[in-house]
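Asks: Whatever position you read off the sequence shown (first residue = 1), add 2 for the working numbering. Pasting a structure below so you can have a look.
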Amino acid sequence: MKVHILLGPPGSGKGTQAKRLVEKFPLTHLSTGDILRDAVSKETALGLKVKAIMAEGKLVDDDTVNGLVFARLQDETQDVLFDGYPRTLQQAEALQDFLSSKKIGLGSVVHVEVPREVLEARVVGRRVCTGCGEIYHLATKPPQQDGVCDLCGSPLKHRSDDTAEAFRKRMDEFDSTFLPLLAFYGRQPGFLAVNGNQAPDRVFEQLQTLFKENA
Ligand code: AMP
Numbered sequence: 003m004k005v006h007i008l009l010g011p012p013g014s015g016k017g018t019q020a021k022r023l024v025e026k027f028p029l030t031h032l033s034t035g036d037i038l039r040d041a042v043s044k045e046t047a048l049g050l051k052v053k054a055i056m057a058e059g060k061l062v063d064d065d066t067v068n069g070l071v072f073a074r075l076q077d078e079t080q081d082v083l084f085d086g087y088p089r090t091l092q093q094a095e096a097l098q099d100f101l102s103s104k105k106i107g108l109g110s111v112v113h114v115e116v117p118r119e120v121l122e123a124r125v126v127g128r129r130v131c132t133g134c135g136e137i138y139h140l141a142t143k144p145p146q147q148d149g150v151c152d153l154c155g156s157p158l159k160h161r162s163d164d165t166a167e168a169f170r171k172r173m174d175e176f177d178s179t180f181l182p183l184l185a186f187y188g189r190q191p192g193f194l195a196v197n198g199n200q201a202p203d204r205v206f207e208q209l210q211t212l213f214k215e216n217a
């Protein structure tokens, strides 16, 4: 078993690409953002603890997120694709220790690069299906019927951290945590950057080639 990592800023398309990759390859998609949002919507103890932090666009503390991830990895049998984790150098180092202790390998680490000016428009126009998680965009990928998912008919929602204000806070957090993370993973043999400022199909083609090579 190996773990693969998609790194990139909010709005880089990591989530969209991860969903497509797990349809094509035997990978488990592990999005810490999805796990935390699920906890918030179910109002679990974890959800109540992180709700305000997430709505403000701040990062949840490292120990909480590491604990969630390691618990999931314990039960996993196939390769895992991380989306939104690790987010800090501390998370990356803790993950590395965990993987070494369990003899789990690190596969591809892909940085999805997108210029900053493109990201805000992507995030503010993003709408997510409350049923199946499909991702839409009001300008570039609108649903056929306003506010309704084409795939499962559930209502779409605007994430509370996808407002312009929360996005800017998330980018501030990102700027302060991402460079050390990039320096850490840039040294790993499976590291690669992909241009995320292209049509999603084109990005997907490049990621598929990479995952075919590393399968
Ligand atoms: P995402 O869906 O990846 O954009 O994550 C949404 C929000 O969940 C983030 O803004 C954070 O508040 C929280 N979150 C997700 N992943 C992490 C992580 N690895 N570390 C800390 N907070 C996280």
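Backbone N, C-alpha and C define an ideal beta-carbon position, used for all residues, glycine too.
Whose CA, out of D177, V112, L23, lies closest to the CA of P191?
Replies: Walking along the sequence shown from the start, residue 191 turns up at place 189. Closest option to P191, Cα to Cα, is V112.
Asks: Check whether the Cβ of M56 lies closer than 6 angstroms to any heavy atom of the ligand AMP, and answer yes or no.
Replies: As a position in the sequence shown, residue 56 is number 54, starting the count at 1. Because some heavy atom of the ligand AMP lies under 6 angstroms away, the Cβ of M56 counts as near it: yes.
Asks: Suppose you measure from the CA of L140 to the CA of T34; what does that come to, to the nearest Å?
Replies: Locating residue 140 in the sequence shown gives position 138, where the first residue counts as 1. Locating residue 34 in the sequence shown gives position 32, where the first residue counts as 1. Rounded to the nearest angstrom, the two C-alpha atoms are 25 angstroms apart.
Asks: Tell me whether the segment 98 to 106 and the segment 69 to 77 touch, counting them as touching only if at least three CB pairs, one residue from each stretch, are closer than 8 angstroms.
Replies: yes
Asks: Below 8 angstroms on the Cβ atoms is my guess for V116 versus S178; work out the distance and round it to an integer in Å.
Replies: The residue given as residue 116 occupies position 114 in the sequence shown. The residue given as residue 178 occupies position 176 in the sequence shown. Incorrect: roughly 18 angstroms between the Cβ atoms, too far for contact.
Asks: At a cut-off of 6 angstroms, would you count P12 as near the ligand AMP, judging by its Cβ distance to the nearest heavy atom?
Replies: If you number the sequence shown from 1, residue 12 lands on position 10. Yes, the Cβ of P12 comes within 6 angstroms of a heavy atom of the ligand AMP.
Asks: Got a sec: does the ligand AMP put a non-hydrogen atom nearer than 6 angstroms to the Cβ of V130?
Replies: Here residue 130 refers to the residue found at position 128 when the sequence shown is read from its first residue. Answer for V130: no, Cβ out of range of the ligand AMP.
Asks: Assuming Y138 is part of the beta strand (DSSP E), what are its boundary residues?
Replies: As a working note, residue 138 is residue 136 in the sequence shown. Taken as a continuous stretch (DSSP letters only), the beta strand (DSSP E) holding Y138 covers 137 to 139.
Asks: Quick check: what's the CA-CA separation for Q19 versus T66?
Replies: Reading the sequence shown from its first residue, position 17 is the one you call residue 19. Reading the sequence shown from its first residue, position 64 is the one you call residue 66. Roughly 26 angstroms separates the two Cα atoms.
Asks: Look up N197 in the DSSP assignment and give the residues it is bridged to.
Replies: Taking the first residue of the sequence shown as position 1, residue 197 is located at position 195. Beta-bridge pairing links N197 to E115.
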